[in-house]
Each structure stands twice: as structure tokens, then as C-alpha cells.
Amino acid sequence: MLSSLNSVLIEGNLVQDPQIRSLETGTKLCHFSVASNRYFVQENQRKTEVSFFDVEVWNKTAEQCATALTKGRGVRIVGRLKQDRWTDNEGKAHSKVKIIGESVDFKPKFNKKAEESAEEDASPVF
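Per the numbering used here, the sequence shown starts with residue 661, numbered consecutively.
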């Protein structure tokens with residue numbers, strides 16, 4: 661019998677500041693959304709496809725993400741996919757897939773002024 665594999669690696673930028681809450685048990689839960697860009701060429705034109713992913717992290721990782729992350733910050737998430745299923749008040753079934761982050765790497769903060777200054781000082785390369 662084959663075992664199932666459920667693993668995901670995603671890189672992107674936070675769409676908004678993370679939201680953290682404590683459950684009644686004291687467990688910390690942090691939610692945030694990540695935008696991930698895919699670049700490709702179609703009909704000799706460079707195209708961008710943006711995908712948005714909801715991420716959930718728990719416990720110590722939740723606390724670290726809530727403290728260190730803000731809107732726009734780059735992250736690399738390793739985790740697994742989880743499908744939530746529910747029925748609304750009208751009896752209609754719904755489902756949503758989210759990422760359960762098992763580890764989150766924070767990318768260096770982007771410093772736009774420093775980059776603009778470096779671009780102005782840079783000599784052209786031929």
C-alpha cells in the first residue's frame with residue numbers, strides 16, 4: 661500500500677498583516693495570506709500570474725510570524741495542504757484549501773530607498 665504525500669513549498673509576499681489569536685486552550689493560531697507570482701512568456705510577451713494562498717501556523721511559529729511579519733514581507737513556507745469543509749445555513753456545501761505552515765523563513769526586509777540609490781550609482785554593464 662502506498663502512503664500519501666502532502667507537501668507544499670511556496671514563496672511570496674504577505675497580502676496583509678498577520679492575524680493572531682489564542683484558543684481557549686492557550687494555543688496560538690496565526691493566519692495570513694501570501695501572493696505568489698509566476699512569470700512566463702506567451703506569444704513573445706512576458707506575463708505574470710498571481711496566485712493567493714491562505715496560510716495557518718500554530719504555537720511558537722504563530723507567535724514568531726505575528727511579531728516579525730507585516731504586509732509586503734517576503735516569506736518561504738514549507739508545509740502541507742488542508743481542506744476545510746462546511747455547510748452554510750442554506751445547506752450548501754463549501755470547501756477551501758489552505759496551507760498549514762510547518763516552517764516559515766522570513767526574507768530580508770526590502771529597503772526601497774537603498775535600492776534606488778544603488779541603481780542611480782550603478783555604472784552600465786555591457
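Even glycine gets a Cβ: it sits at the ideal position worked out from N, Cα and C. Just so it is clear, the structure is predicted and the values come from calculations on it, not from any experiment.
Spatial distance of R706 from K767 (CA atoms): 25 Å
Put Q724 into one of helix, strand or coil per three-state DSSP. helix
Exposed or buried, which one is G796 when buried takes at least 16 other CB atoms within 10 Å? Any question about residue 796 goes unanswered here, given that the chain covers just 661 to 786.
Applying the criterion that 16 or more other CB atoms from any shown protein chain within 10 Å of the CB defines a buried residue, is G732 buried or exposed? exposed
Give me, in chain order, the residues of the same chain whose beta-carbon lies closer than 6 Å to that of L669; leave out the 5 immediate sequence neighbours on both sides. V738
If we count the other Cβ atoms within 10 Å of its Cβ and call it buried at 16 or more, is G751 buried or exposed? exposed
Could you check whether V710 and S696 sit closer than 9 Å to each other, using their CB atoms as the reference points? yes
Could you tell me whether the region 752-759 touches the region 677-685, using the rule of 3 or more Cβ pairs below 8 Å? no
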